[in-house]
Amino acid sequence: MGWWSSNSSAPAAPPSQPQAQSISQQQLPPTPSTSMSSSAPAQNSNPESKTPAGQDDDFHAAFPHLTPDPPPSTSTSTTSMPEAFLADQYPTNMSCTAAFDAAFYCASLGGHFNDIYRYGELRSCSEHWRDWRFCMGLSIYSKETQREKIRQHYIEKEEALKGKPNSEDIWERRTERDRIVDAFSKAEEEARRVEKA
Numbered sequence: 001m002g003w004w005s006s007n008s009s010a011p012a013a014p015p016s017q018p019q020a021q022s023i024s025q026q027q028l029p030p031t032p033s034t035s036m037s038s039s040a041p042a043q044n045s046n047p048e049s050k051t052p053a054g055q056d057d058d059f060h061a062a063f064p065h066l067t068p069d070p071p072p073s074t075s076t077s078t079t080s081m082p083e084a085f086l087a088d089q090y091p092t093n094m095s096c097t098a099a100f101d102a103a104f105y106c107a108s109l110g111g112h113f114n115d116i117y118r119y120g121e122l123r124s125c126s127e128h129w130r131d132w133r134f135c136m137g138l139s140i141y142s143k144e145t146q147r148e149k150i151r152q153h154y155i156e157k158e159e160a161l162k163g164k165p166n167s168e169d170i171w172e173r174r175t176e177r178d179r180i181v182d183a184f185s186k187a188e189e190e191a192r193r194v195e196k197a
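In structure tokens form, the structure reads like this:
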């Protein structure tokens with residue numbers, strides 16, 4: 001009945017087989033770490049499916065503000081630390097699909113409802129469409145030029161907002177020395193202690 005029927009149509013296996021399968025799955029060696037698996041081809045995977053690294057790239061392209069920071073380099077640079085830190089804050093990838101989805105949603109009934117609910121008026125979707133057209137125009141450039149143009153695009157967007165009231169009127173932007181490291185380490189230690197007890 002309904003969408004549950006696909007599970008009920010599967011042939012029933014004898015009771016000894018699931019136990020043997022679960023025991024054999026428990027005895028499998030642990031999967032290698034991501035650093036080792038990136039150099040070796042994936043086994044028993046669908047050729048059409050993406051690797052976890054490929055899925056991460058798609059995710060970070062769709063949500064550039066959630067992209068993790070690259071590990072700090074040991075080489076010295078000529079720029080000062082705050083300038084280098086601020087330059088790294090801008091994304092270098094842009095998903096045209098995500099830009100189109102944002103523009104299309106803005107123009108949809110749900111987007112209009114959000115505008116009225118949040119801002120009390122309908123807002124223009126031209127900024128979203130401008131982002132999508134910008135992203136579509138990047139295909140003629142090399143990868144390095146694309147990264148630089150995307151970073152410059154986000155810098156220009158932020159500069160346009162600088163004159164308007166924002167949270168930086170009250171709060172200062174965090175710098176490298178203000179970065180929070182191991183924010184939940186005490187909670188993790190407490191959880192481990194409680195689990196042992």
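The numbers in the sequence shown follow UniProt numbering, run straight up by one, and end at 197.
Glycine residues also receive a C-beta, built at the ideal position from the N, C-alpha and C atoms.
In the displayed model, Lys196 falls within a helix according to three-state DSSP. Between Trp132 and Ala160, the beta carbon gap of about 17 angstroms keeps them out of contact (Cβ cut-off 8 angstroms). Fewer than three pairs of CB atoms, one per stretch, sit closer than 8 angstroms, so the stretch 99–118 makes no contact with the stretch 137–145.
Straight through space, the alpha carbons of Glu195 and Arg177 are spaced by roughly 34 angstroms. The continuous alpha helix (DSSP H) containing Gln152 extends over residues Lys143 to Lys162.
Along the stretch 82–129, the alpha helix (DSSP H) occurs as fully enclosed runs of 4 or more residues at 96–107 and 109–119, listed in sequence order. One Cα belongs to Ile155, the other to Tyr90, and the distance between them is close to 7 angstroms. Comparing C-alpha distances from Arg130 to each of Glu148, Pro64, Asp58 and Ala98 shows the shortest one belongs to Ala98. Classified as buried, Ile150 has 16 or more neighbouring CB atoms from the shown chains inside 10 Å of its CB. Judged by beta-carbon spacing, His128 lies beyond the 8 angstroms limit of Cys96, meaning their Cβ atoms are not closer than that value.
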